[in-house]
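**Student:** Just so you know, the UniProt record's numbering puts 15 at position 15 of the sequence shown, and the rest follows in order with no gaps. Got a structure for you, written out below as structure tokens; questions coming shortly.
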Amino acid sequence: MAGVWDNLNRTGEDKVVRQWLPALVVLLALVGHGARAQSPGLGATVELVDPKVLRVCADPRNLPFSNEAGEGFENRIATLLGRELGKPVAYTYYPQVIGFVRNTLNMFRCDVVMGAAQGDDLVQTTNSYYRTVYSLLIRPGTGLDGIESLEDPRLKNMRIGIVAGTPPATLMAANGLMLHAKPYALTVDTRYESPAKDMADDLVTGRIDAGVLWGPIAGYWAKHSGTRLTVVPLLKETGVRMDFRIALGVRHSDQEWKRTLNRLIKENQSEIDSILEEYGVPLLDEHGALIPK
């Protein structure tokens, strides 16, 4: 998911989404429309680069979503899909920066991108396979226990880590929390930088008092920071959308392939949920309520 900050951020012709977020939740990046050489309605075996292999495009160093060692939850879900299809999984790795979709999926270097924000127009998205939300990451016992919202007055004089350009940054500004905020970059080459890890490290060492991250990233670093951290899903915020549905991304022409993936998602949803829960992803139900673990 392919991971990112799963936030939709568009300026002019640049279209960036993460896993994403991701935002994006989850970042997919600038589409190359000229690469769409297939016709709608073709059978799945014609639509795929190699019908004998599940070809996936992913970021090589973007945990908890994916890495070259196959340790991310998107790697695990891709393996599940390959198993159900009876196909081996092969990866094309490319950093999820501007040009990701144009240089991978739309160049026919793969047939699916994991972790696309549902409705993203850079790709054709399947039905969603999870829904999650931006979350606050705190250290227990530091005066923020029981917090539920960015409107909490205890945050007024706190130093809060925030990824620039994400939806919660807008809410922090509205709540007067930017004066002491520490910004972290939204779009980076994950081979060399990890703003999420930097934020978690800063929280553990006390350089910041709290941090706001995309839910899957917050959950992952709460488990891997070496210090007990608490994830607070920001479910009570209003005015700015904080939760997103995450899907698979395919080419706009690949109708039969999308239907196949939709079927696999439906048939294997419980196993997908188990993988996500293992990584600490805060999951929401169809009503936007937190699913108990």
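We put the beta carbon where it would ideally sit given N, CA and C, even for glycine. Here the structure is a predicted model, which is why all the values come from computation and not from measurement.
To the nearest angstrom, how far is the alpha carbon of residue 258 from that of residue 196?
**Tutor:** Spanning the two alpha carbons is a distance of roughly 32 Å.
**Student:** Nearest to residue 238 by CA position, among 109, 134, 218, is which residue?
**Tutor:** Among 109, 134, 218, the Cα nearest to that of residue 238 is on 134.
**Student:** Pull up the distance between the alpha-carbon of residue 86 and that of residue 277, whole angstroms please.
**Tutor:** C-alpha separation (whole angstroms): 25 Å.
**Student:** Excluding the 5 residues flanking residue 290 on each side, which residues of the same chain have their C-beta closer than 7 Å to its C-beta?
**Tutor:** Here the set comprises 233, 235, 282, 284.
**Student:** Considering only residues of the segment 178-237, which uninterrupted beta strand (DSSP E) runs meet the minimum length of 3 residues and lie entirely inside it, listed in chain order?
**Tutor:** With a minimum length of 3 residues, the continuous beta strand (DSSP E) runs that stay inside the segment 178-237 are 182-184, 210-213, 230-233.
**Student:** On the DSSP bridge assignment, give the partners of residue 57 in chain order.
**Tutor:** Partner(s): 92, 113.
**Student:** For residue 150 and residue 141, what's the separation of their Cα atoms in angstroms?
**Tutor:** Computed Cα separation, rounded: 18 Å.
**Student:** Give me the residue from 73, 67, 81, 69 with the minimum Cα distance to residue 55.
**Tutor:** Selected option, being the one with the closest Cα: 81.
**Student:** Between 63, 98, 109, 216, which lies nearest to residue 122 when the distance is taken from Cα to Cα?
**Tutor:** Taking only the C-alpha atoms, the option nearest residue 122 is 98.
**Student:** My guess is that residue 262 and residue 127 are in contact by the Cβ rule of under 8 Å, so how many angstroms apart are they, rounded?
**Tutor:** With 8 Å as the limit, residue 262 and residue 127 qualify as a contact, their Cβ atoms being about 5 Å apart.
**Student:** Are the segment 242-260 and the segment 150-159 touching, with three or more C-beta to C-beta distances below 8 Å?
**Tutor:** At 8 Å Cβ cutoff, the stretches do not touch.
**Student:** Quick one: is residue 293 buried, meaning 16 or more other Cβ sit within 10 Å of its Cβ, or exposed?
**Tutor:** Exposed, since its Cβ has fewer than 16 Cβ neighbours within 10 Å.
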